[in-house]
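**Q**
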Amino acid sequence: MGIDIRQIHKERFSISDELIRIFCPYRVCPLGAHVDHQLGLVTGFAIDKGIELLISPTDDGNIEAYSTNFSGKTEFNVEDVPERRHLWGDFLQGAVVALSNKYKMTVGFKGIVSGTLPVGGLSSSSSVIIAYLMALCIVNHIRLTQKDLISTAMWVEKNYIGVNVGKLDQSCEIFCKKDHLLFLDTKDDTCELLKTSSQMPPFEIAVIFSGIERKLAGSAYNRRVDECKAAAYALKAYAGIDDNDFQDSFLRNVPFGLYDEFKMYLPDNWASRAKHFFEENMRVQKGIKAWKKGNIDEFGELIFESGESSIYNYQTGSIHLQTLHEIMLKTTGIYGGRFSGAGFNGCAIALVEPGKKEEIAQFIRNEYVHMYPRLEHKFMIDFCKTSDGADLKLFA
Ligand code: GLA
Numbered sequence: 000m001g002i003d004i005r006q007i008h009k010e011r012f013s014i015s016d017e018l019i020r021i022f023c024p025y026r027v028c029p030l031g032a033h034v035d036h037q038l039g040l041v042t043g044f045a046i047d048k049g050i051e052l053l054i055s056p057t058d059d060g061n062i063e064a065y066s067t068n069f070s071g072k073t074e075f076n077v078e079d080v081p082e083r084r085h086l087w088g089d090f091l092q093g094a095v096v097a098l099s100n101k102y103k104m105t106v107g108f109k110g111i112v113s114g115t116l117p118v119g120g121l122s123s124s125s126s127v128i129i130a131y132l133m134a135l136c137i138v139n140h141i142r143l144t145q146k147d148l149i150s151t152a153m154w155v156e157k158n159y160i161g162v163n164v165g166k167l168d169q170s171c172e173i174f175c176k177k178d179h180l181l182f183l184d185t186k187d188d189t190c191e192l193l194k195t196s197s198q199m200p201p202f203e204i205a206v207i208f209s210g211i212e213r214k215l216a217g218s219a220y221n222r223r224v225d226e227c228k229a230a231a232y233a234l235k236a237y238a239g240i241d242d243n244d245f246q247d248s249f250l251r252n253v254p255f256g257l258y259d260e261f262k263m264y265l266p267d268n269w270a271s272r273a274k275h276f277f278e279e280n281m282r283v284q285k286g287i288k289a290w291k292k293g294n295i296d297e298f299g300e301l302i303f304e305s306g307e308s309s310i311y312n313y314q315t316g317s318i319h320l321q322t323l324h325e326i327m328l329k330t331t332g333i334y335g336g337r338f339s340g341a342g343f344n345g346c347a348i349a350l351v352e353p354g355k356k357e358e359i360a361q362f363i364r365n366e367y368v369h370m371y372p373r374l375e376h377k378f379m380i381d382f383c384k385t386s387d388g389a390d391l392k393l394f395a
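Once you know that position 68 of the sequence shown is 67 in numbering that gives the first Met the number 0, the rest is easy, because the numbers rise by one and skip nothing.
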């Protein structure tokens, strides 16, 4: 049953003016995990679940916002942003700070924000930041291009929240299109929307919530990013390349041959991160070919392999997500599945046969709850369809 945020807005603020509704979808990334921060190749879908934000502008610049997912209110003025509070309102504060760096803002809003699925792996942070940026741009008549919107949203995550993300989430949430797979090269931003082939059997996207929400796992995420950068830096150094600047070290800039020749000198964990990077890029390329042919079985197989590599080479994926991975591998009706996002709790995703949804949901629930009975009431499985990225019509 959906939450009626219009009603909540009315009860909270008693405003009868017309309200502005903003929606930013979540994303799932079937192939191309953990490679965006190393300028790798990624794929993604936006899904028909996401962040809804309903606002009415305030001329005095005051912001007052409530969330249906978290308690407390966020209140400040766009011209006087308080210190970070390490609460949900940080994302809103960060959006204001990012825009204020470049634009004069005088208008705030009274808003209700609501996320439609549990937090963790579906890029709710990026969706909520994009929704706030869109709201602030609309009420302050700021025009951003799609690329500006992506880079501003990334600025908030990296510089305000402190997680060294790549551009996967923001790009999917802006560029994706219903019934298309987004294929993006995060090095040069070339991007293709690949329509689902008419040869391909139908599929839906299962979102399987482990029962444990993600907490902001910035330091663990950042450690992995640093390990990748360190591997890139060391590999170039072993090869005698001296244009080496750590900040600009990305595995994408290391030729495969060089990795292959020098990988044995790397510490084990750096070597594993690099292995994940190079193999994942190859999987994306294979996956794109399979997708174009309408071969969902091969595409799905690659998703399972990608999940495997995220667990064993990239060494993320909580114990609960690893259990879900094992269960998905033996579930009939799943083409392919993996944990979603960075892997710090939250959800797994799978491409599934629509006709088998009920059996799939039942089987996974039984197996999972058998392992973790205490999560019985928190475990959740939902089925989504692909969707368009955020609707920027209002915003432009
Ligand atoms: C998070 C980050 C993304 C990406 C994924 C893993 O969602 O925000 O930039 O690194 O993890 O693929």
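Yeah, the Cβ is synthetic: ideal placement off N, Cα and C, and Gly gets one too.
Just to confirm my understanding: we take I54, look at its own chain, exclude 5 residues before and 5 after, and list those with CB closer than 6 Å. What are they?
**A** One-based indexing of the sequence shown puts residue 54 at position 55. Counting only Cβ-Cβ distances below 6 Å, and skipping sequence neighbours, we find I19, F108, G110 and A134.
**Q** Just the Cα atoms here: how many angstroms apart are V118 and N76?
**A** Start at 1 with the first residue of the sequence shown, and residue 118 comes out as number 119. Start at 1 with the first residue of the sequence shown, and residue 76 comes out as number 77. Roughly 27 Å separates the two Cα atoms.
**Q** In angstroms with no decimal places, state the Cα-to-Cα distance between K472 and L148.
**A** The structure shown does not extend to residue 472, since the chain spans only 0 to 395, so no value can be given for it.
**Q** Whether or not the segment 67-75 and the segment 191-206 are in contact is what I'm after, with contact meaning three or more pairs of Cβ atoms, one per stretch, closer than 8 Å; do they touch?
**A** No: fewer than three Cβ pairs fall under 8 Å.
**Q** So what does DSSP say about G286, is it helix, strand or coil?
**A** Residue 286 sits at position 287 when you count from the first residue of the sequence shown. G286: helix per DSSP, three-state reduction.
**Q** Counting C-beta neighbours from all protein chains within 10 Å, is the total for T115 16 or more, i.e. buried, or is it exposed?
**A** Translated into positions along the sequence shown, residue 115 becomes position 116. Under this definition T115 is a buried residue.
**Q** Between R364 and the rest of its own chain, which residues show a CB-CB distance below 8 Å, the 5 nearest in sequence each way excluded?
**A** In the sequence shown, counting from the first residue as 1, residue 364 sits at position 365. Hits under 8 Å: F378 and I380.
**Q** Taking C-beta to C-beta, are T322 and Y367 nearer than 8 Å?
**A** What you label residue 322 is simply residue 323 of the sequence shown in a count that begins at 1. What you label residue 367 is simply residue 368 of the sequence shown in a count that begins at 1. Taking 8 Å as the Cβ cut-off, T322 and Y367 qualify as a contacting pair.
**Q** So the beta strand (DSSP E) E63 belongs to, where does it begin and stop?
**A** Taking the first residue of the sequence shown as 1, we reach residue 63 at position 64. Residues N61 to S66.
**Q** Report the three-state DSSP secondary structure of I240 (helix, strand or coil).
**A** Against the sequence shown, residue 240 aligns to sequence position 241. In this structure, I240 counts as coil in the three-state DSSP scheme.
**Q** DSSP three-state label for G336, please.
**A** The residue labelled residue 336 in the question sits at position 337 within the sequence shown. In this structure, G336 counts as strand in the three-state DSSP scheme.
**Q** Which same chain residues, not among the five before or five after F245, have their C-beta less than 7 Å away from its C-beta?
**A** Walking along the sequence shown from the start, residue 245 turns up at place 246. Correct list, in chain order: K228 and Y232.
**Q** Between K384, F338, D58 and W87, which lies nearest to L180 when the distance is taken from Cα to Cα?
**A** Start at 1 with the first residue of the sequence shown, and residue 180 comes out as number 181. L180 has its Cα closest to that of K384, out of K384, F338, D58 and W87.
**Q** What's the C-alpha gap between A238 and I348?
**A** As a first step, residue 238 must be located in the sequence shown, where it is residue number 239. As a first step, residue 348 must be located in the sequence shown, where it is residue number 349. Taking the straight line from one Cα to the other gives about 39 Å.
**Q** Tell me the residue span of the beta strand (DSSP E) that contains F44.
**A** On the sequence shown, residue 44 is found 45 positions in, with the first residue counted as 1. Here the beta strand (DSSP E) through F44 covers L40 to T57.
**Q** Report the CB separation of P24 from S386 in whole angstroms; it is logged as a contact under 8 Å.
**A** Against the sequence shown, residue 24 aligns to sequence position 25. Against the sequence shown, residue 386 aligns to sequence position 387. Right, their Cβ atoms sit about 5 Å apart.
**Q** Go ahead and label D3 buried or exposed: buried means 16 or more other beta carbons lie within 10 angstroms of its beta carbon, across all protein chains shown.
**A** In the sequence shown, the residue the question calls residue 3 occupies position 4. So D3 ends up on the exposed side.
**Q** Would you mind sorting S218 into buried or exposed? The rule is 16 or more other CB atoms within 10 Å of its CB.
**A** Position 219 of the sequence shown, counted from the first residue, corresponds to residue 218. The residue is exposed, with fewer than 16 neighbouring Cβ atoms inside 10 Å.
**Q** In or out: E203 buried (at least 16 other Cβ within 10 Å) or exposed?
**A** By one-based count along the sequence shown, residue 203 stands at place 204. That one is buried.
**Q** Would you say L121 lies against chain D (beta-carbon separation less than 8 Å)?
**A** Of the protein chains in the structure, only one exists, and it is not chain D.
**Q** If you follow the beta strand (DSSP E) that N76 is part of, which residue opens it and which one closes it?
**A** If you number the sequence shown from 1, residue 76 lands on position 77. Unbroken beta strand (DSSP E) run through N76: K72 to N76.
**Q** Closer than 7 Å by C-beta to K9: which residues in its own chain qualify, once you throw out the five before and the five after it? Chain order, please.
**A** As a working mapping, residue 9 is identified with position 10 in the sequence shown. Counting only Cβ-Cβ distances below 7 Å, and skipping sequence neighbours, we find nothing.
**Q** For G165, I'd like the list of residues in its chain whose CB is within less than 7 Å of its CB, leaving aside the five on either flank, ordered along the chain.
**A** By one-based count along the sequence shown, residue 165 stands at place 166. So the list reads D35, H36 and T185, once near-sequence residues are dropped.
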